[in-house]
Every structure is written in structure tokens, then in C-alpha cells.
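Right, one structure below, let's go through it.
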Ligand SMILES: *[C@@H]1O[C@H](CO)[C@@H](O)[C@H](O)[C@H]1NC(C)=O
Ligand SMILES: *[C@@H]1O[C@H](CO)[C@@H](O)[C@H](O)[C@H]1NC(C)=O
Ligand SMILES: *[C@@H]1O[C@H](CO)[C@@H](O)[C@H](O)[C@H]1NC(C)=O
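Residue numbers (mature numbering (1 follows the signal peptide of the UniProt record, and there is no 0)): -19 to -1, 1 to 373.
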């Protein structure tokens, strides 16, 4: 889901099964000076690796559209299900993107001119639907649905993205066209064409690495997205699955129900469960206010910056683990992971931001990067479930 404070985005237990996968490593870069150069292609016995870039608050993926291919850098968004790129000549109506599509230059471009319109937490994009070949790290996927945008708020170009790659559940796309049609995402199209064996993808993050001698690394590979399933080398446990929520407001999203949350010896049980969006496009972990209060209770030197972000002494000793129970599985967010000691979001040597924040009004919880860096997350369109496994 794009928008909201720090919510910038945009974004199979068959570990023994050798499935066809398309894997894309991503690189973290600073928010300024983004390089769009692709990491080399990799092809390993049925697995295909494609690069993705992390600009600390968002993840960028390089794709190509058309025949011959025209390059784009897109924000990866699990919180929306429509992909769009700006049209050539759009200029200020699209924020002067680096790359734009020239439909006439693609021999495989097709459109029925169906209107496209999407509104994000912040921002919007409009245009018309089309289909063309999309190439992800050397793998060509014919007939991928996307929209050609001739008007959007252009904020994306600040992040180095030309457009958005939406890989939420297909159903979420009904809100983006006048006929309420379900428009399959790239993932579903890859599956339908037999390019991947399962309509599934997984996301593997490595935690933001330590600054080297106080100098931030300009760019680093720190994760991968795998289309088709999970890479064994990414995980050290079986995948625990949680069904996606049945709650009406969130059933079309990648969202699950949380049964209870414990913070130290405080436990809150949610009889009917609370909904949590699982959002690679969110940097922070948003939890109910009482939970956040209990986490920071008694932390000496706690304060909030002008945006409301919590700042704690980096070496706080009494910060608790946060334990989430979902579908009878427990998942722990430890201080080691929620206190941000490195990367573009580091505050100072003594004071640290955290990945924790109170939930916004529209949802009970959001499991963003601060959670997802600890677990490999698996998005299973076939069984409407999200899996989590310990990260290698
Ligand atoms: C697009 O096609 C036109 C006309 O053939 C050509 O002049 C132009 O160089 C092409 N642009 C790109 C970016 O390939
Ligand atoms: C995964 O599950 C299998 C079958 O239930 C079990 O034998 C195996 O020990 C588990 N592996 C791990 C790493 O927990
Ligand atoms: C969770 O465990 C309880 C107690 O063992 C059981 O009654 C319930 O059915 C379980 N729920 C799920 C979703 O497995």
C-alpha cells in the first residue's frame, strides 16, 4: 500500500519440491542518488534470479516491457494489484520519469483502451489497460496486464521509480477499472503460462547491514523476491501458514488475523482476531496503541521526533520481545530487530529509531519490513494464505 507515514511503497512448505522459480535479488540504496543499473542475471536449473532494489523505504525492481524490450524501474507493492508505467511524452503529468513507454515501438503491445484508475494511501495514477510481454531478469512473460499511465502524481520519481508493480491478490484489481473486472497480476500470468509451478511468491529480506566505519553503504543487495515459491537457501525452518483474513475490509488484501499479542508479561487476546496487513511496502510495524505503550513503558530516555517516530537509547536494556500469535503459531519481534541501529534510518550513535508505531485508523496492524526482515514471507494465491519461515 502506498502512502501513510513511512508506508512508502508503492509494496510453501514444499521446501523439498523442486519447483520452477523466478528469483529477484534486491539492492538497498540511499533515497538520493539511486542507480537503476541491474544486478546481473542469474539462471540456475529452473530458477531465475532478477534484481530488486531497496531504497530503504521502498523496493525497486527492474523489468522490461515490449518487443524489443523497453526498460523500467518499478516500485514493488504487495498492497495493490495493478501494474502501471508512464507513457512517453507524459512529462510533468507523470513527474518526469526516467523511463516511459512508447507503445508504437513494441510489436507485441495490445490495448482495448479500458480505463485504469487507482488511488493509493497517498497519490494516484490514471490511464488505460494494455497487455504486452514483460521481461523479469531475462524471463519473458507474454501477455502481462498493466496500465499505461498518462497522469499520476509523479512522487514516485523521487524514489527512482517510473511506476508500480502491484502483486497483491488479483481480486484487488476490481477497484481499478469501471467494469470491476479481475485483472490477473504478473504472478498469476506467470503461473497460467507455466513459467512458475505455483501461484505463489516469497520475499526474503536481509536486515539492513551495519554502517561501515560510520559510512553508509551506497548500495547493497539485501534481499530477493522469488516468483513460484521459496528458495531453500533462504529459510532455516518449515513454513508456518496463516490463512488470509475473512474480514470484509481486508479479505482482498494480503492480510491475516492476529489472535493475541504479548509484550513481556502483558498479553492481549483478541477474541475475534484483529486484521494485520502483510505489507512489503511498509517500513514500519504498526500495532495497537496499548501494545506500543507496553513496549515503551519504562524505557528511560524515550522520546518522539517531530513526525511522531519513537526514538530510544540504542542500548536500552529493558525493551521486551513482542510475540504475535497467528493461527496458533507464534512469531517474535525482538528488540534486536525493531531498534534501528544501521542504514538510512539510523538516527545517531546513541539514539535509535524503532520500526514500531501505533496503527493508523484504517487497520488494526501492519506487518512491514521491521517484521518481514526476520521471516521469509510467502504469499500463496492458490490457498489464500501467507506463510512465514525463519530467515537463513
Ligand atoms: C521508437 O520508434 C521510432 C520510430 O521507429 C524511432 O525513431 C525511435 O528511435 C524509437 N525509440 C526507441 C526508444 O526505441
Ligand atoms: C519440517 O517438517 C517436517 C515434517 O513435519 C519435519 O520432519 C522436519 O523436522 C521439520 N523441519 C524443521 C526444520 O523444523
Ligand atoms: C488453536 O489451538 C486451540 C487449542 O488447542 C484449538 O482449539 C484451535 O482449534 C486451534 N486453532 C487453529 C486455527 O489451529
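Where is the CB? At the ideal position from N, CA and C, for every residue including glycine.
Check whether residue i and residue j have beta carbons under 8 Å apart
i	j	result
residue 48	residue 89	yes
residue 261	residue 101	no
residue 335	residue 319	yes
residue 220	residue 204	no
residue 231	residue 312	no
residue 78	residue 138	yes
residue 105	residue 63	no
residue 349	residue 263	yes
residue 259	residue 229	no
residue 247	residue 215	no
residue 363	residue 180	yes
Extent of the continuous alpha helix (DSSP H) run through residue i
i	result
residue 360	Taken as a continuous stretch (DSSP letters only), residue 360 belongs to no alpha helix (DSSP H), being part of the beta strand (DSSP E) at 356 to 361.
residue 271	270 to 277
residue 168	167 to 173
residue 353	350 to 353
residue 52	That residue, residue 52, is in no alpha helix (DSSP H); its beta strand (DSSP E) goes 51 to 58.
Opening and closing residue of the beta strand (DSSP E) in which residue i lies
i	result
residue 298	Taken as a continuous stretch (DSSP letters only), residue 298 belongs to no beta strand (DSSP E), as it is neither H nor E.
residue 105	105 to 117
residue 250	247 to 259
residue 319	First-last for residue 319: 316 to 319, but that is the alpha helix (DSSP H), not the beta strand (DSSP E).
residue 149	Neither: residue 149 is in no beta strand (DSSP E) and is coded neither H nor E.
residue 339	337 to 339
residue 225	Careful: residue 225 lies outside any beta strand (DSSP E) and carries neither H nor E.
residue 185	181 to 186
residue 97	96 to 100
Local conformation of residue i per DSSP, three classes
i	result
residue 154	helix
residue 365	coil
residue 80	coil
residue 137	helix
residue 219	coil
residue 67	strand
residue 86	helix
residue 74	helix
residue 45	strand
residue 371	strand
residue 24	In this prediction, residue 24 has a pLDDT of 24, which is less than 50 and means its spatial position is unreliable; nothing more can be read from the coordinates.
residue 290	coil
residue 31	Because residue 31 carries a pLDDT of 35, less than 50, the predicted location of this residue cannot be relied on, and no value is offered for it.
residue 40	strand
residue 283	coil
residue 131	strand
Inter-residue CB distance, residue i and residue j (contact presumed, cutoff 8 Å)
i	j	result
residue 233	residue 150	6 Å
residue 61	residue 99	7 Å
Bridge partners - residue i, DSSP secondary structure assignment
i	result
residue 210	Residue 210 pairs with nothing; no bridge assigned.
residue 124	Paired residues: none, contrary to the question.
residue 307	310
residue 334	292 and 321
residue 238	256
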